[in-house]
Amino acid sequence: METAQNHTQALRIYVNLPVKDVQKSIAFFSSLGFNFNMQFTGETAAAMELGENMFVMMLCHDHFSQFTRKSIADATKTTEALVCFEVSSREMVDELVQKAVAAGGKLYAEAVDHGWMYQHSFEDLDGHQWEIMYADLSKFPQG
Numbered sequence: 018m019e020t021a022q023n024h025t026q027a028l029r030i031y032v033n034l035p036v037k038d039v040q041k042s043i044a045f046f047s048s049l050g051f052n053f054n055m056q057f058t059g060e061t062a063a064a065m066e067l068g069e070n071m072f073v074m075m076l077c078h079d080h081f082s083q084f085t086r087k088s089i090a091d092a093t094k095t096t097e098a099l100v101c102f103e104v105s106s107r108e109m110v111d112e113l114v115q116k117a118v119a120a121g122g123k124l125y126a127e128a129v130d131h132g133w134m135y136q137h138s139f140e141d142l143d144g145h146q147w148e149i150m151y152a153d154l155s156k157f158p159q160g
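For the sequence shown, the numbering used here assigns the number 18 to the initial residue and increments by one for each residue that follows.
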């Protein structure tokens with residue numbers, strides 16, 4: 018029988034941060050020695066590798082805005098991030114969101130199926146937005 022701790026263990030973590038200039042962010046963090054996953058890096062986003070299964074997604078403001086209905090925080094005045102982690106199935110995505118709502122969180126948005134990725138989100142008790150996703154990278158659109 019699977020324990021509760023193992024049952025909800027995240028497979029990967031992605032911290033999403035809004036940035037004013039993706040290319041300048043890539044240059045800055047590259048100069049610090051960080052690597053980027055080029056499969057998920059382009060004009061509007063960069064996937065910085067923090068370690069095994071840990072990434073920071075740096076998203077230009079327009080791209081970041083597609084994932085939230087809230088205004089983007091000015092990181093020089095406040096701190097805000099979208100915390101996203103991957104789980105092992107679509108069912109687990111929905112289960113975690115249902116549990117969050119049952120525990121007093123709020124449904125943030127309806128589930129979204131991108132074909133290769135399924136996501137759902139909730140706000141915790143403090144209003145932080147959590148994105149839970151399941152991805153099948155074999156179905157990731159190429160090109």
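Where a beta carbon is used, it is the ideal one built from N, C-alpha and C, also for glycine.
Residue i - DSSP class collapsed to helix/strand/coil
{"i": "R29", "result": "strand"}
{"i": "Q56", "result": "helix"}
{"i": "S47", "result": "helix"}
{"i": "K123", "result": "strand"}
{"i": "S105", "result": "coil"}
{"i": "S88", "result": "coil"}
{"i": "F81", "result": "helix"}
{"i": "Q40", "result": "helix"}
Cutoff 7 angstroms; reference residue i; Cβ partners in own chain excluding five residues on either side
{"i": "F57", "result": "A64"}
Proximity below 7 angstroms, CB of residue i to CB of residue j
{"i": "N52", "j": "E69", "result": "no"}
{"i": "L34", "j": "A98", "result": "yes"}
{"i": "F102", "j": "A44", "result": "no"}
{"i": "R122", "j": "F139", "result": "Before going further, note that residue 122 is Gly rather than Arg in the sequence given. Their beta carbons are under 7 angstroms apart, which means G122 touches F139 by this criterion."}
{"i": "V36", "j": "M75", "result": "yes"}
{"i": "V118", "j": "W147", "result": "no"}
Residues near residue i in its chain [Cβ-Cβ closer than 8 angstroms; skip 5 each side]
{"i": "H80", "result": "T61, A62"}
{"i": "L164", "result": "Past the edges of the chain, shown from 18 to 160, lies residue 164, and the structure says nothing about it."}
Own chain, CB closer than 6 angstroms to residue i, minus 5 neighbours either side, in chain order
{"i": "L113", "result": "I149"}
{"i": "R107", "result": "Y135, Y151"}
{"i": "C77", "result": "V39, T61"}
{"i": "M71", "result": "I30"}
{"i": "A128", "result": "H137"}
{"i": "H145", "result": "none"}
{"i": "F157", "result": "W133"}
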